[in-house]
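Undergrad:
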Amino acid sequence: MYPLCMIVGSSGQGKALPQEDWVPGSHVVLLREKTAVFGVWLWHIILRLRQKFELQLAPQRHNDLLQIARAHWRTKWRYVVFSDESRFCLDASDGRVLVRRRPGERLQPTCLRPRYTGPTSGGMVWGAISYDSRSTLMVIPRTLTGNLYVTLVIKPVVLPFMSSIQGGVFQQDNARPHTAVVTQHALHSVDMLPWPSRSPDLSPIEYVLDIIGRQLQRHPQPTLTTPVLIDQVQLTWNSMP
Numbered sequence: 048m049y050p051l052c053m054i055v056g057s058s059g060q061g062k063a064l065p066q067e068d069w070v071p072g073s074h075v076v077l078l079r080e081k082t083a084v085f086g087v088w089l090w091h092i093i094l095r096l097r098q099k100f101e102l103q104l105a106p107q108r109h110n111d112l113l114q115i116a117r118a119h120w121r122t123k124w125r126y127v128v129f130s131d132e133s134r135f136c137l138d139a140s141d142g143r144v145l146v147r148r149r150p151g152e153r154l155q156p157t158c159l160r161p162r163y164t165g166p167t168s169g170g171m172v173w174g175a176i177s178y179d180s181r182s183t184l185m186v187i188p189r190t191l192t193g194n195l196y197v198t199l200v201i202k203p204v205v206l207p208f209m210s211s212i213q214g215g216v217f218q219q220d221n222a223r224p225h226t227a228v229v230t231q232h233a234l235h236s237v238d239m240l241p242w243p244s245r246s247p248d249l250s251p252i253e254y255v256l257d258i259i260g261r262q263l264q265r266h267p268q269p270t271l272t273t274p275v276l277i278d279q280v281q282l283t284w285n286s287m288p
């Protein structure tokens, strides 16, 4: 890569010139440091890091969340148990890949990241947390249904866990296994916290599970099999304060 020269005018604006157009004695500032040269060159050809486009929260959705918050602002959150499932995959990539490109080059082959869309190796777990305790982390061996949820999670874990918390309130999202009739029947004696749909950002356990995923990515030894991955997830869960 050739060095970059800048002709600086009275206005302070610069014009980039290649080395062969540089005339000794003219009012030219030669940028010798590689980092500065590279940065100015990238700016000159308009290659910038571009963030993902984010849709704004719809007004009705905003109002729904606000009403939920107002309805439960007096709730004693110390007694709320937050629960959820999460899938951990051997492919630990979180999709945070940035490229430098010009406007209009989003679909260029060099700016694309191929991704396998079929089933990926990994495992699903279920867990719950409260103010000062957590449940056993349960491994979900196959596709979660209402019957499996009741048999594997509700009866052996949720009901005893809720019985240990005086005045406890149970939270779960609106996934189909959670809203199934068999699930609602099994939880008839448990106080439930109404939950707005598509609101994972409101649940603290989502952030706990995200922390576990990030810790696994920093593990010094790569995980090659699903059983080892699940063991690492459970170990990390149990070691969290």
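Following my numbering, the numbering of the sequence shown begins with 48 at its first residue and continues without gaps. A virtual CB, placed ideally from N, CA and C, is assigned to each residue, including glycine. Everything numeric in this text was worked out from a predicted model, so none of it was measured.
1. Quick one, which of Ile176, Ser130, Leu137 has its alpha-carbon nearest Pro288's?
2. Could you check what DSSP says for Val216 in three-state terms: helix, strand or coil?
3. Since I believe Ser250 is in contact with Asp131 (beta carbons under 8 Å), could you give me their beta-carbon distance rounded to a whole number of angstroms?
4. Among Ser236, Ser244, His235, Gln213, which residue has its Cα nearest to the Cα of Asn221?
5. Let me know the secondary structure DSSP gives Gly260 once reduced to three states.
6. Give me, in chain order, the residues of the same chain whose beta-carbon lies closer than 8 Å to that of Thr230; leave out the 5 immediate sequence neighbours on both sides.
7. Is Gly151 helix, strand or coil when you go by DSSP?
8. In terms of alpha-carbon separation, which member of Asp179, Gln107, Arg153, Arg148 lies closest to Val128?
9. What is the residue span of the beta strand (DSSP E) that Trp284 lies within?
10. Based on Cα-Cα distance, which residue from Pro269, Gly174, His266, Met209 lies nearest to Asn285?
11. By a C-beta neighbour count over all protein chains shown, 10 Å radius and 16 as the cutoff for buried, is Gly72 buried or exposed?
12. Looking only at its chain, what residues have a beta carbon closer than 8 Å to the beta carbon of Gln213, apart from the 5 residues adjacent to it on each side?
13. Return the Cβ separation of Thr283 and Gln262 in integer angstroms, given the expectation that the two are a contact with Cβ distance under 8 Å.
TA: According to the data block:
1. The shortest C-alpha separation from Pro288 is found at Ile176.
2. Three-state result, Val216: strand.
3. So it is a contact: roughly 6 Å between Cβ atoms.
4. Distance from the Cα of Asn221 is smallest, within the candidate group Ser236, Ser244, His235, Gln213, for Ser244.
5. Gly260 carries a helical assignment under DSSP once its states are collapsed to helix, strand and coil.
6. These residues qualify, in order along the chain: Gly193, Tyr196, Val197, Ile201, Pro224.
7. Residue state, collapsed to three classes: coil.
8. Nearest neighbour of Val128 by Cα position, chosen from Asp179, Gln107, Arg153, Arg148, turns out to be Asp179.
9. Trp284 -> not in any beta strand (DSSP E); alpha helix (DSSP H) instead, spanning 273-286.
10. The shortest Cα separation from Asn285 among Pro269, Gly174, His266, Met209 belongs to Gly174.
11. Caution is warranted here: a pLDDT of 45 is assigned to Gly72, below 50, making its placement in the model unreliable, and the coordinate value is therefore given only provisionally. Per the 10 Å Cβ criterion, exposed.
12. The residues are Tyr126.
13. Contact flag correct, Cβ pair sits at about 5 Å.
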